[in-house]
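Asks:
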Amino acid sequence: MIRNVVVGKLLDGVALATVRPGLDAIAALESPGRLACRVGTDLRLREQPWDFAITNDWADEASYRAYDLDEEHDRIRRELFAPLCEQIVRVQFEVPDTP
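Numbering (full-length UniProt numbering), first residue to last: 1 to 99.
(1) Could you work out which residue in A62, E30, A25, V14 is closest to R78 when comparing CA atoms only?
(2) Note down, in chain order, each residue of its chain lying with its Cβ closer than 7 Å to the Cβ of A59, except the 5 sequence neighbours on either side.
(3) Beta-carbon separation of V14 and I88 under 8 Å?
(4) Considering only the beta carbon of each residue, do L29 and E61 sit closer than 8 Å?
(5) Excluding the 5 residues preceding and the 5 following C85 in the sequence, name in chain order all residues of the same chain whose CB lies nearer than 7 Å to its CB.
(6) Taking C-beta to C-beta, are L23 and I54 nearer than 8 Å?
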């Protein structure tokens, strides 16, 4: 299984709630091979620069790559995240099968 983790920092002055439509759009995407999706804004329990997170679990590398190249996914990134964010970082890693 492949886990994709995304965290983002909003531009100064952008309200945290402004990113909610983008998070909801990511969660609503129907993507073959997606096993789980979690999205949320930071609870502000600690002082830190990151404002939101997205995690997706994928059956395999091929399903992750299809999602990454998906036209609607790209539109969401371009229209609902890029104008609001100072920085977005991503990491993908393999999660071993658990007994």
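Ideal placement from N, C-alpha and C gives every residue a C-beta, glycine not left out.
These figures come from a predicted structure and were not determined experimentally.
Replies: Walking through what the data contain:
(1) A25
(2) M1, G33, L35
(3) no
(4) no
(5) G8, K9, L10, L11
(6) yes
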